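Undergrad: Residue numbers (the working numbering): -13 to 646. Ideal placement from N, C-alpha and C gives every residue a C-beta, glycine not left out. As the structure is a computational prediction, the values presented were derived from the model and not from experiment. Have a look at this one before I ask anything.
Following this line, the structure appears as structure tokens:
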């Protein structure tokens, strides 16, 4: 790709001769905009952007700013030479023969038959559309001459450039959004800084509030379901004696208006029974799983305490972000080089629809020596697109897949490196006999060094397995997209099943890999051994895993909502100037929702970055806890390494002294 690719094909538009517009050290250096001889031949903006419009395209320094036709300019050549000098800058380079007949000029496409007021967009000249009193105009005119003896309405330009006005309006909106960012970026950074502080406070306070938040939520759910049961009973009793309320759902059949079912006593009875069953299940789970829930809450508190001792771990996601950004940049640049590896392809462009050579490939250097111009007068050999028929060009798609596979592999490796590094740091906390005295001096840095020096192969192998499954998913999505409209029901069903299965497999592998990396960080064994030991260790504690996972997910989700929602509400009142103290400081914006959404999404991502470290901490401590229970018995010879709070929950009278 780096040898054959040429990103200039993406950066610069290309004229009919395959030359780049605006490229330095060429004749087109000062001609940065592409001009279309007859834009009426172009079906849509997509055709224009893809350089597939069947009309001559030239590089110009500026777009036309007036209406003019070649017939009128040629007729007034002797009296108004300035008009000719202006018009000929949109003709082919070197053409300066106003005495050539109009028919020949238009046949050979030496000059456009007309020019219309245009403005550059995507480095291409598009009609300068505007709306006046609800009527579409170009330069305040609704009619124009096409240079071929006809008077046309500007709506035909709109049809030829279908949707371009919406694109231009979108550009106007984009400029306003850019202005809002330019004015409010300082305040956006302040909002994200506040989100970071709130995230840190939430993690620190979890050691004191984890249990309170969880039990408030649980009893809140029980109370809401209890109210639902009472309301269902009230509706059931209230409908007693009302005509028609004793009918069954089977009697009235299927109704599109679901309010009909709410008039039946049977509906409310069913709701009440369902809610009662759910209520009983929740209460029974709380009774039988109370100790496991207490262990989960204690581990959450312990995780908050561990992060408090190793605060540097909160900023490790920045390292992962930088590594992933490098991977994305390398993949994107290589993909662009691959996509621009084609050679210029020229095709015959004929004015006559019956020309048998139309759209056939041609060579511009030898085209004038062929008989095509004789059989098809006015035909030209013009640039069409970039492609090729060589072995390399035939396998560019395979190369793109290989590039995507390497991208997935590298990204998964960067994530695995982060997980293993954090796991090693938190494991050093758990297995310290005296906390925090026995914690290593630089636990995060030491763990990162061990991961790089000893575990690179294991991390790469785990990332490889995950990347293979993800690549298969990408291929399935590609096939599904390509086969839409032509596939039968069985094909759709088969693809749907395959996509579902590989989605489940990817989720399972991510779970296994995450815990395998933790075991690698603890024991230093290879990937397969660590994955096997982690899997069976989790299976021996499957109930604890389920409880801890759900409790952790709930609290972290609650934290993300609190941080993003709190900062979002504060940003809303600030940017809408509803805080009297800061009313004068708030910037005047075109769209207040631009910085508001940026702050909300950014706050959520900041909170997610911090809480991902916390989730890794809890998972690591949990595996260490399970290992601690299996390896030790609390005796003097084999003391527990768990904290005193976890020890009390297990029902031990006192924590046995540990060996130094």
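Judging by CA-CA distance, which residue of 192, 257 and 172 is the nearest neighbour of residue 213?
TA: Of the candidates 192, 257 and 172, the one whose C-alpha sits nearest the C-alpha of residue 213 is 257.
Undergrad: Over the uninterrupted beta strand (DSSP E) stretch that includes residue 246, give me the two end residues.
TA: No beta strand (DSSP E) holds residue 246; DSSP gives it neither H nor E.
Undergrad: Tell me whether residue 482 sits in a helix, a strand or coil according to DSSP, three-state version.
TA: Residue 482: helix per DSSP, three-state reduction.
Undergrad: Excluding five sequence neighbours on each side, which residues of the same chain lie with their C-beta closer than 7 Å to the C-beta of residue 545?
TA: Once the five neighbours on either side are set aside, the close Cβ partners of residue 545 are 188, 593 and 597.
Undergrad: Within 10 angstroms of the Cβ of residue 103, are there 16 or more other Cβ atoms? Answer buried if so, exposed if not.
TA: The residue in question, residue 103, is buried, as its Cβ has 16 or more Cβ neighbours within 10 Å.
Undergrad: Based on DSSP bridge pairs, tell me the residues matched to residue 116.
TA: DSSP lists 123 as partners of residue 116.
Undergrad: Quick check on this structure: which residue in 363, 266 and 288 has the alpha carbon closest to the alpha carbon of residue 421?
TA: Residue 288 is the option with its Cα nearest to residue 421.
Undergrad: Look up residue 196 in the DSSP assignment and say whether it is helix, strand or coil.
TA: Residue state, collapsed to three classes: helix.
Undergrad: If you follow the alpha helix (DSSP H) that residue 426 is part of, which residue opens it and which one closes it?
TA: Residue 426 -> no alpha helix (DSSP H), and no H or E assigned at all.
Undergrad: Taking only the alpha-carbon atoms, compute the straight-line gap between residue 29 and residue 141 and give it to the nearest angstrom.
TA: Caution applies to residue 29, whose pLDDT of 49 falls short of 50 and renders its modelled position unreliable; the model cannot decide the point.
Undergrad: Going by other Cβ atoms of all chains shown within 10 Å of its Cβ, with 16 needed for buried, is residue 547 buried or exposed?
TA: Exposed: under 16 other Cβ atoms inside 10 Å.
Undergrad: Tell whether a beta-carbon distance below 9 Å holds between residue 17 and residue 8.
TA: Going by C-beta atoms, residue 17 is nearer than 9 Å to residue 8.
Undergrad: Evaluate the contact criterion for the stretch 522 to 531 versus the stretch 462 to 470: three or more CB pairs, one atom per stretch, below 8 Å.
TA: Not touching, per the Cβ criterion.
Undergrad: Under three-state DSSP, which class holds residue 348?
TA: If DSSP states are grouped into helix, strand and coil, residue 348 belongs with the strands.
Undergrad: How close, in whole Å, do the beta carbons of residue 54 and residue 100 come, if the pair is a contact with beta carbons under 8 Å?
TA: Yes, residue 54 and residue 100 are in contact; Cβ-Cβ is about 7 Å, under 8 Å.
Undergrad: Which residues mark the beginning and the end of the alpha helix (DSSP H) in which residue 406 is found?
TA: Run containing residue 406: 382 to 416, per the alpha helix (DSSP H) assignment.
Undergrad: What three-state label does DSSP hand residue 623 in the structure shown?
TA: In this structure, residue 623 counts as coil in the three-state DSSP scheme.
Undergrad: With a threshold of 6 Å on Cβ separation, who are the neighbours of residue 505 within its own chain once the five nearest residues in sequence on each side are excluded?
TA: Excluding positions up to five away in sequence, the list reads 516, 519 and 520.
Undergrad: Which residues bound the alpha helix (DSSP H) around residue 106?
TA: Segment 104 to 107 is the beta strand (DSSP E) holding residue 106; no alpha helix (DSSP H) there.
Undergrad: Should the stretch 432 to 443 be regarded as contacting the stretch 388 to 397, the criterion being three or more beta carbon pairs within less than 8 Å?
TA: Counting Cβ pairs under 8 Å, fewer than three are found: no touch.
Undergrad: So is residue 358 buried or exposed if we call it buried at 16+ other beta carbons inside 10 Å?
TA: Counting Cβ neighbours within 10 Å, residue 358 comes out buried, since at least 16 surround it.
Undergrad: Kindly indicate which three-state DSSP category residue 54 falls into: helix, strand or coil?
TA: The answer is strand: DSSP assigns residue 54 an E or B state.
Undergrad: Provide the residue(s) that pair with residue 131 in DSSP beta bridges, ordered along the chain.
TA: Answer is 137, bridged to residue 131.
Undergrad: Mind checking whether residue 273 and residue 577 have CB atoms under 9 Å apart?
TA: No, the pair does not count as a contact, with Cβ atoms beyond the cut-off.
Undergrad: So, do the stretch -12 to -5 and the stretch 315 to 327 have three or more beta carbon pairs nearer to each other than 8 Å?
TA: Enough Cβ pairs lie closer than 8 Å, so yes.
Undergrad: Please list, in chain order, all residues of the same chain as residue 550 whose beta carbon is under 7 Å from its beta carbon, the five residues on each side excluded.
TA: Within the same chain, residue 550 has close Cβ partners 586, 589, 590 and 593.
Undergrad: Using DSSP with H/G/I as helix, E/B as strand and the rest coil, what is residue 540?
TA: Three-state result, residue 540: helix.
Undergrad: Whole angstroms is fine: what's the gap from residue 184's alpha carbon to residue 301's?
TA: If you take the alpha carbons of residue 184 and residue 301, they lie about 15 Å apart.
Undergrad: Leaving out five residues on either side along the sequence, give the residues of the same chain with a beta carbon under 7 Å from the beta carbon of residue 382.
TA: Here the set comprises 324 and 327.
Undergrad: To the nearest whole angstrom, what separates the beta carbons of residue 306 and residue 404, a pair I think is in contact under 8 Å?
TA: Sure, about 4 Å apart at Cβ, within 8 Å.
Undergrad: When DSSP labels each residue in this structure, what does residue 30 get in the three-state scheme?
TA: Legend: pLDDT at residue 30 = 45, less than 50; position of this residue unreliable, no value from coordinates given.
Undergrad: Below 8 Å CB to CB, which residues in the same chain sit around residue 385 once its five sequence neighbours on both sides are set aside?
TA: Cβ neighbours of residue 385 beyond the five flanking positions: -13 and 324.
Undergrad: Rounded to whole angstroms, what's the CA-CA distance from residue 361 to residue 105? Just pull it up for me.
TA: Distance between the alpha carbons of residue 361 and residue 105 is about 38 Å.
Undergrad: Can you tell me whether residue 23 is helix, strand or coil according to DSSP?
TA: Of the three classes helix, strand and coil, the one that applies to residue 23 here is coil, per DSSP.
Undergrad: Leaving out five residues before and five after residue 400 in sequence, what residues of the same chain have Cβ atoms less than 8 Å from its Cβ?
TA: The residues are 306, 309, 310 and 313.
Undergrad: Please report the straight-line C-alpha distance between residue 182 and residue 286, rounded to a whole angstrom.
TA: Roughly 20 Å between the two C-alpha positions.
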